[in-house]
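Inspection log for the structure reproduced underneath, given as structure tokens.
Residue numbers (my numbering), protein chains in the order written: chain F, 1 to 238; chain Y, 1001 to 1197.
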């Protein structure tokens, strides 16, 4: 999985997810979930501990959709839940189907996403988008430059929060008090970053040479058509 | 009025990407809160509400970048950059997030375009948030199968998402944008210039 072209892998899995959006196929969704998770788990070099930790919120989200489908499904024309005086709940079978459809879809999407996330590398993806999908270099390098500031910004988020706390100011996770100083920093940083790049000779309209070549092989096309072909076959026959 | 050029400068791209990173961090923090609420609501079948409460944060990059740069294509591009960054960071919904980004950005973009990128007052900002809210809600029908929910529940979900987007991407982005313009940091951008004159 790790040696596939990241751009084409992204495209393949994106089409696969869109194909799954077209229908509600519980068995196929569950099958895809199982296959994706097994493939991800068996790929050499995957951080398995992180994968297992990541599975937890993922199943929680699916469970959430399951109960939501159970209680608020539209099928059968009724609410599907009868609450008696004693608080007992009766569920209809049709809503169980809805619940399964909704939650299995979350599982299928999530497992496709995980398959991607755990076997790909940010730098290679951007390089592939630039080399195979004609993303202009200024976008590619601009995004990469900003992306590498993520750990700094995350640390800053904590610092701003602590500074507010010291002064006895109450601020929620997305309050303007927190965001504003961070955005001021971001503005200044982006200006100096752009200036730094340009002063080191980053030009937009000149031909570039790349040190890191992302290759495109027949395996990538095989993956693109294979995965989506199988899903289409699955949608028809399973 | 001078003609607005539709060429992207490197510093504008990095600015948009930086905004996306800041909101990405804020969003991660918000998601912990949201998933806590969602988990607490799971037994009642209300867990999608947790996600809806913070949904407006998704559109903040689009409306704030649109407000600062004020030129065609910013909103949609900001959302695409935001979603690419999400994928780079390993969002477990993966590739599909990019599609969602395009659709959400398109909502705000349509509103900005209908004002011909000239008018960027509070009303337009709120409308842009509503635009993103509507397109993203339509997308939820496709992606999360919202068509399977009953109508009253859908109305509840929609109202929460609407309020969330009005507050986060409408009100807060407008306040932040004006605040940043006042600091004088935005002199090189459209919003800063309009505040000077």
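Note that the Cβ used here is the ideal one computed from N, Cα and C, for glycine as well.
- At the C-beta level, residue 1060 (chain Y) and residue 1023 (chain Y) come within 7 Å of one another.
- Non-local beta-carbon contacts of residue 1047 (chain Y) in its own chain, meaning distances under 6 Å to residues more than five positions away in sequence, involve 1038, 1041 in chain order.
- Unbroken alpha helix (DSSP H) runs of no fewer than 4 residues, entirely contained in the region 1133-1183 of chain Y, are found at 1151-1165, 1173-1183, following chain order.
- Interface with chain F (7 Å Cβ-Cβ cutoff): residue 1058 (chain Y) is excluded.
- In the DSSP assignment, residue 1039 (chain Y) falls within the alpha helix (DSSP H) that extends over 1010-1041.
- For the region 128-160 of chain F, the set of positions with a beta-carbon nearer than 7 Å to some beta-carbon of chain Y reads 138, 139, 142, 143, 145, 146, 147, 149, 150, 153, 154, 157 in chain order.
- Contact annotation: in the region 103-122 of chain F, residues whose CB is within less than 8 Å of a CB in chain Y are 105, 106, 109, 110, 112, 113, 114, 115, 116, 117, 118, 122.
- Interface with chain F (7 Å Cβ-Cβ cutoff): residue 1047 (chain Y) is included.
- Within chain Y, the C-beta atoms nearer than 8 Å to that of residue 184 (chain F) come from 1180, 1183, 1185, in chain order.
- Collapsing the DSSP output to three states places residue 69 (chain F) in a helix.
- The beta carbon of residue 71 (chain F) falls within 7 Å of a beta carbon belonging to chain Y, placing the residue at that interface.
- Per DSSP, residue 1120 (chain Y) is not a residue of any alpha helix (DSSP H), being assigned neither H nor E.
- Residues of chain F whose Cβ lies closer than 8 Å to the Cβ of residue 1043 (chain Y) are, in chain order, 67.
- Here the alpha carbons of residue 1072 (chain Y) and residue 1078 (chain Y) stand approximately 11 Å from one another.
- Taking a Cβ-Cβ cut-off of 9 Å, the neighbours of residue 189 (chain F) in chain Y comprise 1014, 1018, given in sequence order.
- By the C-beta density criterion, residue 71 (chain F) is buried, having at least 16 other C-beta atoms within 10 angstroms.
- For residue 1149 (chain Y), the C-beta contacts it makes with chain F under 9 Å involve 68, 69, 72, 73, 74, 98, 102, in order along the chain.
- Taking a Cβ-Cβ threshold of 7 Å, none of the residues of chain F is close to residue 1174 (chain Y); the smallest such distance is about 10 Å.
- In the structure shown, residue 177 (chain F) falls within a helical segment according to DSSP collapsed to helix, strand and coil.
- Taking a contact as a CB-CB distance under 8 Å, the pair residue 99 (chain F) and residue 64 (chain F) does not count as one, their CB atoms being some 11 Å apart.
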